[in-house]
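Undergrad: Taking numbering that gives the first Met the number 0, the leading residue of the sequence shown gets 0, the next gets one more, and so forth. Every residue gets a Cβ at the ideal spot worked out from N, C-alpha and C, and that includes glycine.
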Amino acid sequence: MSARIGPRSIVLSFAVVLFAALPALLCAEVTRWEIKTREPYAGGKAMGDRGPYERWTGVVHYALDPRSEPNRAIVDLDLVPRNADSKVEFWTDFEMLVPADCSKANGALFYEVNNRGNKTAPGIVDGGADDFLCRQGFVVLWSGWIAEVLPGGGRLRLSAPVPLENGKPLVGKVWNEVVVDRPMAKASIAYRANQGSYRPAGETARFPRELRRIAERLDPLRDNGELVPDDEWKLIVTEVEHNGVKSQLPLVELEVRGGLKPGVIYSLTYDAEGSLVQGAGFAAIRDIVSSLKHTDNGNDNPLLDDAGKPVVDRALAFGTSQSGRCLRHFLWEGFNADERRRKVFDGVISHVAGGGLGSFNHRLASPTRTNGQHEEHLFLADFFPFTYGDERDPHTGETDGILAKSRRKNAVPKVFHTQSSSEYWHRSGSLVHTDPLATRDAEIPPEVRIYAFGGTQHGPGSGVPGAKGGGTLPSNPADYRPFMRALVLALDAWVKDGKEPPPSVYPRIADGTLVPWQRDKSGWPDVPDVAYPQVIQQPWLLHWGDSWQTHRIAGLLPPQSVADPKTGKPLHYQILVPTVGNDGNTRGTLNLPAISVPVATYTSWNLRDTSIGAAGALLSLQGGYIPLPRTNADREANNDPRPSLETLYADFAAYRAKYMSAAEQLVAQRYFLAEDLPRLEELCHKFKPLFEKGEAKPD
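1) Extract the residue ranges of the beta strand (DSSP E) inside the stretch 25-86, only unbroken runs of 3 or more that lie entirely within it.
2) Rounded to the nearest angstrom, what separates Pro182 and Gly470 at their Cα positions?
3) Count the C-beta pairs between the stretch 563-579 and the stretch 424-438 that are closer than 8 angstroms, then say yes if the count reaches three, no if not.
4) Could you check how far apart the C-beta atoms of Val504 and Tyr450 are, in whole angstroms? I think they sit under 8 angstroms.
5) Nearest to Ala530 by alpha carbon, out of Val514, Leu627, Leu617 and Arg362?
6) Rounded to the nearest angstrom, what separates Lys245 and Ala120 at their Cα positions?
7) Can you list, in chain order, the residues of its chain whose CB lies under 8 angstroms from that of Leu259, leaving out five sequence neighbours each side?
8) Could you tell me which of Trp523, Ala279, Ile594 and Glu499 sits nearest to Ser358, measuring between CA atoms?
9) Would you check if there are 3 or more beta carbon pairs closer than 8 angstroms linking the stretch 403-412 to the stretch 315-333?
10) Run the CB neighbour count on Arg285, radius 10 Å, all protein chains shown included, and call it buried at 16 or more, exposed below.
11) For Asn631, name the three-state secondary structure that DSSP assigns.
12) The beta strand (DSSP E) that contains Ala404, what's its start and end?
13) How about Ser421 and His457: do their beta carbons lie closer than 8 angstroms?
14) If you check the beta carbons only, do Arg212 and Glu225 fall under 8 angstroms apart?
15) Taking Pro640 as the reference, give the member of Lys172, Met483, Trp523 and Asn175 with the closest Cα.
16) What is the DSSP secondary structure of Val170, counted as helix, strand or coil?
17) Taking only the alpha-carbon atoms, compute the straight-line gap between Lys687 and Ser419 and give it to the nearest angstrom.
18) Considering only the beta carbon of each residue, do Asp389 and Thr395 sit closer than 8 angstroms?
19) Secondary structure at Val579, three-state DSSP: helix, strand or coil?
20) Mapping DSSP to helix, strand and coil, what is Ile264?
21) Can you tell me where the beta strand (DSSP E) with Tyr658 in it begins and where it stops?
22) Let's test the definition: count the other Cβ atoms within 10 Å of the Cβ of Lys498 and tell me whether it reaches 16, buried, or not, exposed.
23) The alpha helix (DSSP H) with Ala593 in it runs from where to where?
24) Take every Cβ of the stretch 69-85, pair it with every Cβ of the stretch 141-158, and state whether three or more of those distances are shorter than 8 angstroms.
25) By a C-beta neighbour count over all protein chains shown, 10 Å radius and 16 as the cutoff for buried, is Asn114 buried or exposed?
26) Identify the continuous alpha helix (DSSP H) that holds Glu645 and give its terminal residues.
27) Could you check where the alpha helix (DSSP H) with Val251 kicks off and where it finishes?
28) Is there contact between the stretch 430-441 and the stretch 474-481, where contact requires at least three CB pairs shorter than 8 angstroms?
29) Counting C-beta neighbours from all protein chains within 10 Å, is the total for Glu681 16 or more, i.e. buried, or is it exposed?
30) Under 8 angstroms, do Pro444 and Tyr387 count as touching if we go by C-beta distance?
31) How many Å lie between Arg391 and Arg134 at the Cα?
32) Which same chain residues, not among the five before or five after Gly143, have their C-beta less than 6 angstroms away from its C-beta?
33) Does the pairing of the stretch 300-318 with the stretch 355-369 give three or more beta-carbon distances under 8 angstroms?
34) In chain order, which continuous runs of the beta strand (DSSP E) of length 3 or greater are located wholly inside the stretch 283-355?
Printed below as a string of structure tokens:
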């Protein structure tokens with residue numbers, strides 16, 4: 000049956016499994032929508048005046064022509080067997096939220112690039128706001144784009160094309176790193192849960208496998224670690240199947256005699272077989288979105304109104320962390336123009352991606368990998384170009400920018416780059432808006448806005464501090480989600496109506512708010528019993544082998560850093576951080592009321608505790624929380640240089656008045672929505688015990 004819907008033609012189907020095999024012309028990029036389930040979302044609850052929504056799930060089928068110019072950027076696509084029409088076929092999972100009455104849709108598609116198969120927008124945009132996206136009338140879509148994802152748990156997968164050489168799967172060297180925070184007998188070499196890894200090659204192996212123990216990568220020219228004898232470790236390969244669906248890649252685990260030790264970097268290289276065309280994930284994103292915006296792609300668009308027009312006429316993309324890097328890489332590789340040269344995404348929010356791209360489009364790619372100061376430091380993530388506009392790489396002489404190819408194709412979207420202040424410490428965030436050596440502020444293209452949330456960490460907190468975990472400080476609890484909701488609507492208004500969004504807010508070299516990270520230059524107050532970081536995530540210039548530039552084959556693993564011919568030290572790109580005030584809180588950033596009207600210092604960094612190993616290294620993606628002294632007597636007794644609550648606020652009523660005034664000002668500036676004010680006031684009241692006599696903690 001047709002999946003076409005209209006304002007009067009929707010019928011809610013309670014747990015009825017529907018199959019839609021929509022006819023397609025052979026020229027299509029999306030050839031078929033296979034809608035397997037269509038059911039009421041959230042029990043049929045009305046989403047404000049938008050009414051109830053439906054949840055659709057299924058599979059989308061694709062056919063790509065490797066000879067087409069937009070597809071030539073997909074590495075190894077030309078090595079995949081083709082169908083009778085000389086096209087490469089593959090499929091992805093999808094999930095979509097659609098108004099039951101599509102006349103109540105707002106006309107915008109909100110496409111989230113999932114993070115390792117998992118949805119993040121329900122927590123980061125909707126979180127605490129009662130299905131915000133549905134209440135605004137968005138059609139919300141997720142689809143698979145990563146071939147590493149293991150089936151199960153509602154994760155969305157890409158069944159990627161398989162390239163062959165002389166009729167056999169491709170073989171090559173791969174490299175993995177594993178770090179654990181507690182003693183373990185074995186651990187997945189993918190490093191993250193529910194991700195597969197390439198199968199170790201059997202008789203076709205060309206390289207010996209090798210495992211090394213490394214304490215810390217402080218100097219890539221010398222930190223090679225200790226070689227672990229072959230008889231002291233092994234790889235365990237497990238095929239994974241869920242509901243009759245087998246994963247393309249297996250679960251591969253590393254087992255070490257005596258167990259894996261906390262904080263140690265286990266660096267593993269081996270010969271693998273069965274490379275996949277991971278770059279097809281970019282085409283999958285491109286084509287599923289394009290198919291919903293148009294009616295002439297050769298497929299029966301399942302979202303048409305009764306007049307036969309697409310329900311969505313504009314598309315916004317959202318990606319968090321890894322998937323935010325995917326969107327930057329998607330733009331950099333020129334995928335925002337479809338095969339008919341039409342713009343795909345009209346607006347893009349790349350969230351907490353820092354300065355990164357990713358391992359998304361090369362032979363034996365591993366999209367799950369990122370970069371950190373301790374873990375995964377040498378993987379393919381933080382590499383040139385970093386800025387949206389063009390900059391020159393001082394180490395290679397190359398000039399490039401994230402939007403360069405999109406501009407040549409007349410397909411530049413409106414872009415919001417949002418990041419926590421932790422991205423400056425953990426994810427090379429300053430390189431987004433400086434030159435590569437941090438000598439000046441970069442020029443920001445007119446289509447781009449940058450919003451840096453001061454005093455926050457990679458993921459939003461609850462707003463209220465919790466117990467100390469694996470860090471030397473409790474985790475940073477700042478909740479930046481109100482910013483995200485307001486900015487989603489600001490981006491849509493910019494795309495739809497041309498309404499200028501709120502101005503960018505980020506620290507700058509020119510005004511002294513973006514500075515070197517070392518303690519004596521950052522403005523950090525000497526808080527007693529708090530260790531300041533001695534390290535930061537800083538990208539090195541890396542060499543991946545002679546075939547990298549020409550064929551995107553990494554022949555040198557781990558990669559080698561490139562030494563400065565004058566000093567002999569590794570060449571790197573320069574990182575800066577936001578400066579802090581006398582209360583230790585970030586300046587020059589877009590600040591929550593919790594930061595501008597503080598009861599604590601909200602750090603953008605945290606250090607690994609001795610209990611999880613590698614003490615003193617950065618605790619990946621985490622910030623910290625240090626309460627301000629409550630009274631002047633406490634301040635003097637502890638030699639704390641920060642102001643006390645007693646100095647800052649006469650009482651809780653004064654604190655509340657300043658806090659809510661700051662929130663209301665953010666509403667007036669369009670960085671907050673008025674609907675979030677009651678939530679913010681409720682959060683403010685949780686800190687009332689700090690202003691009462693005796694031992695007190697936030698509720």
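TA: This is what the structure holds:
1) 29-39 and 52-63
2) 17 angstroms
3) yes
4) 6 angstroms
5) Leu617
6) 27 angstroms
7) Val177, Val179, Pro182, Met183, Ala184, Lys185, Ala186, Leu253 and Tyr265
8) Ala279
9) yes
10) buried
11) helix
12) Before going further, note that residue 404 is Lys rather than Ala in the sequence given. Element bounds for Lys404: not the beta strand (DSSP E) but the alpha helix (DSSP H), Ala403 to Arg407.
13) yes
14) yes
15) Trp523
16) strand
17) 26 angstroms
18) no
19) strand
20) strand
21) No beta strand (DSSP E) holds Tyr658; the alpha helix (DSSP H) holding it covers Phe651 to Ala667.
22) exposed
23) Pro592 to Ser595
24) no
25) buried
26) Leu644 to Leu647
27) Element bounds for Val251: not the alpha helix (DSSP H) but the beta strand (DSSP E), Leu250 to Leu259.
28) no
29) exposed
30) yes
31) 44 angstroms
32) Thr91, Asp92, Leu155, Arg156 and Leu157
33) no
34) 313-319 and 346-350
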